[in-house]
Amino acid sequence: MTSGVRAAGPQGPAARLWAHRGSLRILVRRDLAVKYQQSVLGYFWSLIEPLGMGAIYWFVFGVLYSGDTSRHLGQAAGSYPLFLITGIFAWMWTSSALSEATNALTGQARLITTMNVPRQVFPIGRITGRFAEYAAGLPILAAIAVAYAVRGEVRPGWSVLALPLAVAVQAVLLVGLALLLSALNVLMRDIERFMRLVIRVLFYATPIIYPLSLVRESTLPGWVKAAYELNPLVGIFQLHHAVWYPDQFPDARLLATTVAVSVLVLAAGWWAFRRLEPAVLKEL
19 MTSGVRAAGP QGPAARLWAH RGSLRILVRR DLAVKYQQSV LGYFWSLIEP LGMGAIYWFV
79 FGVLYSGDTS RHLGQAAGSY PLFLITGIFA WMWTSSALSE ATNALTGQAR LITTMNVPRQ
139 VFPIGRITGR FAEYAAGLPI LAAIAVAYAV RGEVRPGWSV LALPLAVAVQ AVLLVGLALL
199 LSALNVLMRD IERFMRLVIR VLFYATPIIY PLSLVRESTL PGWVKAAYEL NPLVGIFQLH
259 HAVWYPDQFP DARLLATTVA VSVLVLAAGW WAFRRLEPAV LKEL
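Per this note's numbering, residue 19 is the first one in the sequence shown, and the count goes up by one each step.
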């Protein structure tokens, strides 16, 4: 214990955070245990909700509007449920992580003021916990993909390597947003309510249940399309879809924009958290 504290002294904030990774694991386990302790189905809820959403959107866009949907899906036209579930599983990580990270500091004030760990651990713990739920659903997603592969409707190959890239870029973006939003929410409690609206808007402003080509081929003004693709989630969800559909892999410009904006958000979130930390601790 003594050596751990001594080693953390001269280290930078990132190194201190890494030195306290054990505390992060404990917080994530506690968070998951508390979340599901009085639930009969427990972790299965992390699978039931996205599968239920996928079934609803498949009925609307895959059955009622199947003709319009198929014209833009290309390679994914015959396996639209897989396209949907891929996007929705990744979206559940995004939406729940942002919702819970926003109140990561206000909801754990006592722990924050008593534990001797970097305060970044608390919002990052929420992102990690929600990633664990996303990872729990990957075997289900893989099983659906195998079923379509047997039928010859998807042909995954080297494109599966897009998954670790998608997860890495998404984690960078979410950590940056979590640090920024959690600190701001302590000082301005309206942030939490505002984010509920933003999350709803982002769901439809991101190619989750529809392909990016639908936007690119639309009659929207060019500047609207350009602004749309500045949303880093656009490139991230293209990477998720590209795991099973190589033709969905983002082009070089979109990929570079996605990575650059995600890294910029992480840097801005980390800087803002450090600058606001004294005021946040005073408010807590």
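Just so you know, even glycine gets a beta-carbon here, dropped at the ideal spot from N, CA and C.
Residues near residue i by beta carbon distance below 7 Å, same chain, minus five either side
i	result
Leu-3	Only positions 19 to 302 of the chain appear in the structure, and residue 3 is not among them; the question remains open.
Met-19	Residue placement at Met-19 cannot be trusted, given a pLDDT of 39 that sits under 50; what the coordinates show is reported in the next sentence. Nothing listed; no residue qualifies.
Ala-297	Leu-205
Gln-126	Phe-140
Ile-158	Leu-65
Val-23	Because Val-23 carries a pLDDT of 41, less than 50, the predicted location of this residue cannot be relied on, and the following value inherits that uncertainty. Nothing listed; no residue qualifies.
Glu-171	Gly-96 and Ser-97
Arg-234	Lys-243
Leu-181	Val-261
Assigned secondary structure, residue i (DSSP; H/G/I helix, E/B strand, else coil)
i	result
Ala-25	Model confidence at Ala-25 stands at a pLDDT of 42, short of 50, so the residue's coordinates are unreliable and nothing is read from them.
Ile-162	helix
Tyr-263	coil
Arg-47	helix
Tyr-228	coil
Pro-136	coil
Ala-223	coil
Leu-123	coil
Thr-146	helix
Ser-236	coil
Boundaries (first-last residue) of the alpha helix (DSSP H) holding residue i
i	result
Ser-96	The identity of residue 96 in the sequence shown is Gly, whereas the question assumes Ser. Here Gly-96 belongs to no alpha helix (DSSP H), and DSSP marks it neither H nor E.
Val-172	Run containing Val-172: none; DSSP gives neither H nor E here.
Arg-271	270-301
Ser-200	180-205
Glu-247	240-247
Cβ neighbours of residue i in the same chain (closer than 6 Å, five flanking residues each side left out)
i	result
Leu-251	Thr-224
His-258	Thr-104, Ala-108 and Ala-184
Met-71	Ile-106
Ser-113	Ile-217
Met-4	Residue 4 falls outside the range modelled here, since the chain spans only 19 to 302, and no answer is possible.
Pro-99	Trp-76
Phe-267	Ala-260
Glu-210	Thr-120, Asn-121 and Asn-203
Sequence-distant residues of its chain with Cβ nearer than 8 Å to residue i (five each side left out)
i	result
Ala-167	Arg-173 and Pro-174
Ala-290	Leu-197, Leu-198, Ala-201 and Leu-202
Leu-299	Ile-130, Thr-131 and Arg-137
Minimum Cβ-Cβ distance from residue i to chain B less than 9 Å
i	result
Val-46	Annotation note: the requested chain B is absent from the structure, which comprises a single protein chain.
Classification of residue i by the beta-carbon crowding that lies within 10 angstroms, buried from 16 upward
i	result
Glu-247	buried
Ser-177	buried
Val-46	buried
Val-135	buried
Ser-236	exposed
Trp-241	exposed
Asp-49	buried
Does the stretch 143-154 come within contact of the stretch 185-199, defined as at least 3 CB pairs closer than 8 Å? Flag = yes, the stretch 143-154 and the stretch 185-199 touch.
Touching or not, the stretch 157-168 and the stretch 100-114, by the rule of three or more beta carbon pairs under 8 Å? Touching, yes, given that three or more Cβ pairs across the two stretches are closer than 8 Å.
Assess contact between the stretch 114-123 and the stretch 271-286, defined as three or more Cβ pairs (one per stretch) separated by less than 8 Å. Is contact present? At 8 Å Cβ cutoff, the stretches do not touch.
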